[in-house]
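Report on the following structure.
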Amino acid sequence: MQKSSQAGAYQYIKENRMSILSKIFGNKPSDETAQEPRKLSAQEKSEGAARAIYAKDKVYVPLSAMQADVSEGTGIPYIGRLKDGRTVLYLFETYEAARTFSDGQDGALDGIGLVGALDKADQFNNLNNVLRVAHSLGIQLMEYRGQDGEHFECALSWLMRVNGAGSMAASREKMDALSIGTDAKLPLQFHPIAIVGFSNPYKVTPARAEELFKQFTNVEDDELLDFFAGNTPQENVLLIGLVEKYSADLAKSVKYIVWNQLAEQPLFVGISRKEGGLYARDGYLYLFYTDRFQHMGPAGCHPVSGKEAVLDLVRRHELKGIALTDGLHNMARFENDVIFQDGE
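Per full-length UniProt numbering, residue 1 is the first one in the sequence shown, and the count goes up by one each step.
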């Protein structure tokens, strides 16, 4: 009788095991439909996006045209200002999107794309460091634009808190001025960020200068025009300075050739940053053949429609001539008896 009862109990458990376990542990029988995963709240989605952005291996950041060193190829992040006055740091998933944005913020200088890469493997220029510095400087917002139209904007302080990151204390000894939009300034301690794909064709090395001078001394008279036409404007300006050390008359002939070959070169007149008028020194109007260094050199610049317009300015302002330069490196003065030819 006892064995029969045990067998019956065993059979009951065997047949009803899942139902019994469900009552004991809250488990559902295998033949019941499982619940769908819980949907994330809006806050959870935002926090997930913030963590995903913070963890990216590489992002791109537009750089400030006002603070870029376009001679050596470095810059600091461009900080925008919204209509309500809040400041924002922009980040992009792709270089192309960052370049398009940068060019639209008056950042295109002589074709340079003012964009830097923030790489997690870089000791200094990584996203973590840039965000920490920006946060310590009081930048209020971060805006991220992804490759597939993803657009995420949040308070920078919230982004740092979600990712458990702290601010970076700013060193007063190393502070400088950071342009915000067009008029505001903030102290900065951003580490210089390399401009992606940068090159400086206007920097003539000492070795190249020596080579130019040797070529000049050996060139035949009937090859002079082709020789100077084959050089860049900055190489010819530097060469004028070298020749002037030995012969003023020879230098004048070189200037005549170089001036006549400027017809196809885009030109910019110097503009005084303080007064807003023409920039002239010692009676010579500054004339640039690139706008690349206008934020680094002694003056801003404004495009001018050819040499005739330049001559008209020199004439009307009764100047001695023009000072041809890229705005940062070498400069050569062209006197009026060189630039005004054939009774102009």
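Heads up, the beta-carbon is just placed ideally off N, CA and C, and yes, glycines get one too.
Because the structure is a prediction, the values reported are computed rather than measured.
Would a C-beta distance cut-off of 8 Å place Ala55 and Cys154 closer than the cut-off? Position 55 of the sequence shown holds residue 55. Position 154 of the sequence shown holds residue 154. For Ala55 and Cys154, no; Cβs fall outside 8 Å.
Looking at the strands, I want to know which residues DSSP matches up with residue 350. Here the chain comprises residues numbered 1 to 344, so residue 350 is not present and cannot be evaluated.
Own chain residues within Cβ distance below 6 Å of Met331, not counting five before or after: Reading the sequence shown from its first residue, position 331 is the one you call residue 331. Correct list, in chain order: Ala323, Thr325.
Helix, strand or coil for Val115, going by three-state DSSP, please let me know. In the sequence shown, residue 115 corresponds to position 115, counting from 1. Val115: strand per DSSP, three-state reduction.
Please say whether Pro62 and Ala117 have beta carbons closer to each other than 8 Å? For the purposes of this step, residue 117 is identified with residue 117 of the sequence shown, where counting begins at 1. For the purposes of this step, residue 62 is identified with residue 62 of the sequence shown, where counting begins at 1. The answer is no: Cβ separation not under 8 Å.
Let me check one thing: in DSSP terms, what residues is Tyr286 bridge-paired to? Taking the first residue of the sequence shown as position 1, residue 286 is located at position 286. BP columns for Tyr286 point to Ala323.
Arg273, DSSP secondary structure in three states: Taking the first residue of the sequence shown as position 1, residue 273 is located at position 273. Residue state, collapsed to three classes: coil.
So for Tyr144, helix, strand or coil by DSSP? Numbered from 1 along the sequence shown, position 144 holds the residue referred to as residue 144. Tyr144 falls in the strand class under three-state DSSP.
Determine the direct distance from the alpha carbon of Asn125 to that of residue 391, and round the result to whole angstroms. Lying before the first or after the last residue shown, residue 391 is absent from the chain, which here runs from 1 to 344.
Counting pairs of Cβ atoms below 8 Å between the segment 300-310 and the segment 270-283, do you hit three or more? Judged by Cβ distances under 8 Å, the segment 300-310 makes contact with the segment 270-283, as three or more pairs qualify.
Asp337 to Phe288 span [Cα, whole Å]: Taking the sequence shown and counting its residues from 1, one reaches residue 337 at position 337. Taking the sequence shown and counting its residues from 1, one reaches residue 288 at position 288. Rounded to whole angstroms, Asp337 to Phe288 spans 20 Å at the Cα level.
Near Ser199, what residues of its chain come up, given a Cβ to Cβ distance below 8 Å and the 5 sequence neighbours on each side ignored? Taking the first residue of the sequence shown as position 1, residue 199 is located at position 199. If you ignore the 5 residues before and after Ser199, its C-beta comes within less than 8 Å of the C-beta of Gly73, all in its own chain and listed in chain order.
Helix, strand or coil for Gly73, going by three-state DSSP, please let me know. Here residue 73 is taken as the residue at index 73 of the sequence shown, counted from 1. The answer is coil: DSSP assigns Gly73 none of H, G, I, E or B.
Does the beta-carbon of Ile339 have 16 or more other beta-carbons within 10 angstroms, so that it is buried, or is it exposed? Numbered from 1 along the sequence shown, position 339 holds the residue referred to as residue 339. With 16 or more other Cβ atoms within 10 Å, it is buried.
Locate the alpha helix (DSSP H) running through Val233, then write down its first and last residues. By one-based count along the sequence shown, residue 233 stands at place 233. In the sequence under discussion, the amino acid at residue 233 is Pro, which differs from the Val named in the question. Element bounds for Pro233: 233-244.
Does the beta-carbon of His151 have 16 or more other beta-carbons within 10 angstroms, so that it is buried, or is it exposed? As a working note, residue 151 is residue 151 in the sequence shown. Looking at its Cβ environment, which holds fewer than 16 other Cβ atoms inside 10 Å, His151 is exposed.
Between the segment 189-196 and the segment 207-225, do three or more beta carbon pairs fall short of 8 Å? no
Spatially closest choice to Thr205 from Trp158, Leu238, Phe293, His135, by CA coordinates: Residue 205 sits at position 205 when you count from the first residue of the sequence shown. Thr205 has its Cα closest to that of Leu238, out of Trp158, Leu238, Phe293, His135.
Which of helix, strand or coil does DSSP assign to Ala332? As a first step, residue 332 must be located in the sequence shown, where it is residue number 332. Looking at Ala332 - three-state DSSP - the assignment turns out to be strand.
According to DSSP, what are the bridge partners of Phe92? The residue labelled residue 92 in the question sits at position 92 within the sequence shown. Phe92 pairs with Tyr60, Arg145.
Residues near Lys252 by beta carbon distance below 7 Å, same chain, minus five either side: What you label residue 252 is simply residue 252 of the sequence shown in a count that begins at 1. Only Val338 meet the Cβ criterion.
Which of helix, strand or coil does DSSP assign to Phe152? Along the sequence shown, one-based indexing puts residue 152 at 152. Look at Phe152 here: in three-state DSSP terms it is strand.
Backbone CA spacing between Tyr78 and Leu137 [nearest angstrom]: By 1-based counting over the sequence shown, the position of residue 78 is 78. By 1-based counting over the sequence shown, the position of residue 137 is 137. Roughly 13 Å between the two C-alpha positions.
Beta-carbon separation (whole angstroms), Tyr90 vs Gly80, contact threshold 8 Å: The residue labelled residue 90 in the question sits at position 90 within the sequence shown. The residue labelled residue 80 in the question sits at position 80 within the sequence shown. About 6 Å; that satisfies the 8 Å criterion.
Taking just the CA atoms, how far does Thr290 sit from Glu143? Taking the first residue of the sequence shown as position 1, residue 143 is located at position 143. Taking the first residue of the sequence shown as position 1, residue 290 is located at position 290. Whole-angstrom Cα-Cα distance: 33 Å.
With 16 other CB atoms within 10 Å as the buried threshold, where does Tyr246 fall? Counted from its first residue, the sequence shown places residue 246 at position 246. Tyr246 comes out exposed.
I need the straight-line Cα distance from Gln261 to Leu225, nearest angstrom please. Taking the first residue of the sequence shown as position 1, residue 261 is located at position 261. Taking the first residue of the sequence shown as position 1, residue 225 is located at position 225. If I take the Cα positions, the gap works out to 9 Å.
In whole angstroms, what is the alpha-carbon distance linking Arg231 and Lys203? Here residue 231 refers to the residue found at position 231 of the sequence shown. Here residue 203 refers to the residue found at position 203 of the sequence shown. Before going further, note that residue 231 is Asn rather than Arg in the sequence given. For Asn231 and Lys203, the distance between alpha carbons rounds to 13 Å.
Since Leu156 and Val59 are thought to touch, with beta carbons under 8 Å apart, how far apart are those beta carbons, to the nearest angstrom? The residue labelled residue 156 in the question sits at position 156 within the sequence shown. The residue labelled residue 59 in the question sits at position 59 within the sequence shown. Rounded, the Cβ-Cβ distance is 15 Å, inconsistent with contact.
How far does the beta strand (DSSP E) with Arg81 in it extend, from its first residue to its last? Along the sequence shown, one-based indexing puts residue 81 at 81. Residues 79-81.
Is the beta carbon of Val310 closer than 8 Å to that of Gly321? Numbered from its first residue, the sequence shown carries residue 321 at position 321. Numbered from its first residue, the sequence shown carries residue 310 at position 310. Contact: no.
Looking at C-alpha atoms only, which residue of Ala65, Ser46, Ala207 is the closest neighbour of Gly113? Position 113 of the sequence shown holds residue 113. Nearest of Ala65, Ser46, Ala207 to Gly113, Cα basis: Ala65.
In whole angstroms, what separates the C-alpha of Ser102 from that of Asp222? The sequence position of residue 102 within the sequence shown is 102, counting from 1. The sequence position of residue 222 within the sequence shown is 222, counting from 1. Their backbone Cα atoms lie some 46 Å apart in a straight line.
Reference Asp110; option with closest CA among Asp312, Pro201, Val162: The count along the sequence shown starts at 1 and reaches residue 110 at position 110. For Asp110, the nearest C-alpha among the options comes from Pro201.
So, for Leu82: in the same chain, excluding its five sequence neighbours on each side, which residues have a beta-carbon less than 7 Å away from its beta-carbon? One-based indexing of the sequence shown puts residue 82 at position 82. For Leu82, where only same-chain residues beyond five positions count, the Cβ hits under 7 Å are Val88.
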